[in-house]
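From first to last, the protein sequence lines stand for chains A and B.
Mapping the first sequence onto the numbering used here, position 92 (from 1) lands on 92, and the numbers just tick up by one.
One rule links them: number in the numbering used here = place in the second sequence (from 1) + 1000.
2 protein chains.
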Amino acid sequence: MKKERDLYRDFLKSKDLKMTKPRLIIMEAVFENHEHFNIDDLYEQIRKKHKNVSRATIYRTVPLLVEAGLIKQSLRCESKDIYEHTYGHENHLHFICDNCGKIIESGFSDVAILIDLLAKNENFEIKEYNLGARGLCKDCQKKRIINEK
Amino acid sequence: MKKERDLYRDFLKSKDLKMTKPRLIIMEAVFENHEHFNIDDLYEQIRKKHKNVSRATIYRTVPLLVEAGLIKQSLRCESKDIYEHTYGHENHLHFICDNCGKIIESGFSDVAILIDLLAKNENFEIKEYNLGARGLCKDCQKKRIINEK
DNA sequence: AATTTTAATGAGAATGAATCTCAAATGCAT
DNA sequence: ATGCATTTGAGATTCATTCTCATTAAAATT
Chain A
1 MKKERDLYRD
11 FLKSKDLKMT
21 KPRLIIMEAV
31 FENHEHFNID
41 DLYEQIRKKH
51 KNVSRATIYR
61 TVPLLVEAGL
71 IKQSLRCESK
81 DIYEHTYGHE
91 NHLHFICDNC
101 GKIIESGFSD
111 VAILIDLLAK
121 NENFEIKEYN
131 LGARGLCKDC
141 QKKRIINEK
Chain B
1001 MKKERDLYRD
1011 FLKSKDLKMT
1021 KPRLIIMEAV
1031 FENHEHFNID
1041 DLYEQIRKKH
1051 KNVSRATIYR
1061 TVPLLVEAGL
1071 IKQSLRCESK
1081 DIYEHTYGHE
1091 NHLHFICDNC
1101 GKIIESGFSD
1111 VAILIDLLAK
1121 NENFEIKEYN
1131 LGARGLCKDC
1141 QKKRIINEK
């Protein structure tokens, strides 16, 4: 938590942005709990302690955290953008169950090497991987056998 | 175009859905041009020839094409869902330029093998890969050097 | 520490993609 | 051709996200 705050502070300073109370509250809330979260969740979480942080400010601040490299936009779920921590977290990919919505994470160091090669072929400079697959998790595979006919 | 239509027809029949004029028009428009398209593009394209196909019907029909396995939802761009053909197209991944928005496609057969392994570890059954990365394309890397101070 | 300057905030209005509603139209089995 | 369930078009609705703008707060200057 310490380091995130310092990085954030430095980032804001480098952009001539002010370190305000709402910006600090939001950043701390983001790193308090979740790995995956959406703006609504975050708003509810913050509201429990701070009645006067508005949705608008959260919508304005989250992109700053992205730009600072502390979080990234990872998925969409129920028509909402989902974010996740990046600082201090290994790259990973998401297996998303089409049936129950469960998100399974899995490391991908070997995969990255191959993708880096493909990128090199295209002279593309990767900033951020975005890897995943949809399908059926273990449990829902079983359910399907039972449910179908 | 012939085969797509047959597959679609069979799909509709299997679901007890009717092969209506709008459903045919929309399906043909989808396979007329694009690889990547959003609903708005599709609507405009269709409107040129058929003044009486409504947006609502397009929004209703595109998910049918997805369910039939002919297209899939691939990306989001400018807050809009983007679709792409799957039938007759190799799996590929997307490199998306953060600066100019260009989408570069690249095959990924080797990558898929690795990801299949990871999925097997989690007992996850993959229906559809979703692979990509964000960064800078060749041209925008050059521009960056020029633009940044 | 008080003042000035400038950016950031909160609250609610606005936007816009996607979904829903329902009367009218159409496909299809008979 | 007839009847009936399904689908459609048009516009209303929803809901996540963005915008507006008067007020407030941060930091720069005195």
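By construction, the Cβ of each residue, glycine as well, lies at the ideal position given by its N, Cα and C atoms.
These numbers were taken from a predicted model, which means no experiment stands behind them.
Going straight from the alpha carbon of residue 122(A) to that of residue 1138(B), what length do you get? Locating residue 122(A) in the first sequence gives position 122, counting from the first residue. Locating residue 1138(B) in the second sequence gives position 138, counting from the first residue. Near 8 Å, if we compare the C-alpha coordinates of residue 1138(B) and residue 122(A).
Under 7 Å Cβ-Cβ, which residues of chain A neighbour residue 1134(B)? As a working mapping, residue 1134(B) is identified with position 134 in the second sequence. Near residue 1134(B) (Cβ distances below 7 Å), the residues of chain A are 127, 128 and 130.
Given that residue 141(A) touches chain B, what residues does it touch there, using C-beta distances under 9 Å? By one-based count along the first sequence, residue 141(A) stands at place 141. Those within 9 Å of residue 141(A) in chain B are 1123, 1124 and 1125.
Name the chain A residues whose beta carbon is nearer than 9 Å to that of residue 1138(B)? For the purposes of this step, residue 1138(B) is identified with residue 138 of the second sequence, where counting begins at 1. In chain order: 122, 123, 124 and 125.
What are the start and end residues of the beta strand (DSSP E) that includes residue 70(A)? Reading the first sequence from its first residue, position 70 is the one you call residue 70(A). Here residue 70(A) belongs to no beta strand (DSSP E), and DSSP marks it neither H nor E.
Between the CA atoms of residue 67(A) and residue 25(A) - distance to the nearest angstrom: Mapped onto the first sequence, residue 25(A) falls at position 25. Mapped onto the first sequence, residue 67(A) falls at position 67. Each residue's alpha carbon lies about 18 Å from the other.
Give me the Cβ distance between residue 109(A) and residue 95(A), rounded to the nearest whole Å; I'm assuming they're in contact under 8 Å. Taking the first residue of the first sequence as position 1, residue 109(A) is located at position 109. Taking the first residue of the first sequence as position 1, residue 95(A) is located at position 95. No, residue 109(A) and residue 95(A) are not in contact; Cβ-Cβ is about 16 Å, not under 8 Å.
List the residues that DSSP assigns as beta-bridge partners of residue 78(A). Stepping through the first sequence from its first residue, residue 78(A) is reached at position 78. Looking at the DSSP assignment, residue 78(A) forms no beta bridge with any residue, so it has no partner.
C-alpha distance - residue 1023(B) paired with residue 37(A), whole-angstrom precision: By 1-based counting over the second sequence, the position of residue 1023(B) is 23. By 1-based counting over the first sequence, the position of residue 37(A) is 37. Those two C-alpha atoms are separated by around 37 Å.
Backbone secondary structure at residue 148(A) - three-state DSSP: In the first sequence, residue 148(A) corresponds to position 148, counting from 1. Any reading at residue 148(A) needs caution, since the residue's pLDDT is 47, under 50, leaving its predicted position unreliable; the model's value is listed next. Residue 148(A): coil per DSSP, three-state reduction.
List, in order along the chain, the chain B residues whose C-beta lies closer than 9 Å to that of residue 6(A)? Start at 1 with the first residue of the first sequence, and residue 6(A) comes out as number 6. Neighbours of residue 6(A) on chain B: none; closest Cβ ~24 Å, over 9 Å.
Which first and last residues belong to the alpha helix (DSSP H) in which residue 1129(B) is found? Taking the second sequence and counting its residues from 1, one reaches residue 1129(B) at position 129. From DSSP, residue 1129(B) is part of no alpha helix (DSSP H) but of the beta strand (DSSP E) over 1125-1136.
Does the region 1086-1104 of chain B come close enough to the region 84-102 of chain A that 3 or more CB-CB pairs lie under 8 Å? no
Would you mind telling me which residues of chain B sit closer than 7 Å to residue 104(A), beta carbon to beta carbon, in chain order? One-based indexing of the first sequence puts residue 104(A) at position 104. Within 7 Å Cβ-Cβ: 1122 and 1124.
My output table needs one value for residue 1038(B): the three-state DSSP class, helix, strand or coil. For the purposes of this step, residue 1038(B) is taken as the residue at position 38 of the second sequence. Of the three classes helix, strand and coil, the one that applies to residue 1038(B) here is strand, per DSSP.
Just how far apart, CA to CA, sit residue 1016(B) and residue 1060(B)? One-based indexing of the second sequence puts residue 1016(B) at position 16. One-based indexing of the second sequence puts residue 1060(B) at position 60. Answer to the nearest angstrom: the Cα atoms are 16 Å apart.
Name, going along the chain, the residues of the region 1073-1089 of chain B whose beta-carbon falls closer than 8 Å to a beta-carbon of chain A. 1076
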